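Colleague: Here the sequence shown stands for residues 28 to 217, where the numbers follow the working numbering. Sharing a structure, written as structure tokens. Questions coming.
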Amino acid sequence: MFIAAVLPLAVFIFPIWNVTLEAPQYPTPLGINIHINDFSDVNPHDIKNINLLNHYIGMKYIPDAIPEFKIFPWGIILTSILGIVISLKFENKYFLYWFILMCLLSAAGLFDFYLWEHDYGYNLDSKAILKFTNADGTALAYQPPVFGTKQVLNFTVHSYPRLGAYFLGFGIILSLYAFKLSKNLKLDVK
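See the structure below:
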């Protein structure tokens, strides 16, 4: 359980998510890495170039900071500390509670990511230079996928987890394994 509680701290070292845009006019795809506390370019100036594209179609700029960058790091630190304390108590029912807590917080983080993308893809500036509409005349939305690949105008947008998310996920799964293992060990002792 101790290892399970420490693994999520890898999100401070590795990106959690990546969104990449491929298009014929860009020989090198544009990409943004999402970290626990900031955004970073995949290649130099990618975020600047994505923001320029966003400006033309009325999407918001990707800011340097968002409120989540202050909240999520503390969430990871506190849940890791909680997991370490639980591992030292070695009461297996708490391993399960930590697993459930981490699943709920991860789901909340993904839902927040979905809301963020939805806001950027649907709440467009009415004064945008370029306006695209659906066949029924409604404004075309540009929401990237939360997970997977999607065609948005002439861009193929890919959105996938990165190493930080895998460490987080592995830590969560490992806590469930620790729960089952410790439960079996206690049964064998009796």
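Even for Gly, the Cβ is constructed at its ideal location relative to N, Cα and C. Since this is a predicted model, take the numbers as computed values, not measurements.
Counting only runs that start and end within the stretch 36–92, where is the alpha helix (DSSP H) found for 4 or more residues in a row?
Modeller: With a minimum length of 4 residues, the continuous alpha helix (DSSP H) runs that stay inside the stretch 36–92 are 73–84.
Colleague: Hey, how far is the Cα of H82 from the Cα of L167?
Modeller: Between H82 and L167, the C-alpha separation is close to 15 Å.
Colleague: Apart from the five residues just before and just after L34, which ones in its own chain have a Cβ nearer than 8 Å to its Cβ?
Modeller: Closer than 8 Å at the Cβ level, and outside the excluded window around L34, lie F194, L195, F197, G198 and L201.
Colleague: If you measure between the beta carbons of A50 and S114, is that distance less than 9 Å?
Modeller: In this structure, S114 does not lie closer than 9 Å to A50 by Cβ.
Colleague: Can you tell which of I74, N45, V38 and E144 has the C-alpha that lies nearest to the C-alpha of P100?
Modeller: For P100, the nearest C-alpha among the options comes from V38.
Colleague: How would you write the range of the alpha helix (DSSP H) that T106 sits in, first residue to last?
Modeller: E95 to K116 is the span of the alpha helix (DSSP H), which, as asked, contains T106.
Colleague: Which same chain residues, not among the five before or five after I74, have their C-beta less than 7 Å away from its C-beta?
Modeller: The residues are I59, F66, D68 and I89.
Colleague: Hey, T106 and M129 are a contact pair by Cβ (cut 8 Å); roughly how many whole angstroms apart?
Modeller: Right, the Cβ-Cβ distance comes to about 6 Å (below 8 Å), so this counts as a contact.
Colleague: Assuming S186 is part of the beta strand (DSSP E), what are its boundary residues?
Modeller: That run of the beta strand (DSSP E) goes F182 to P188.
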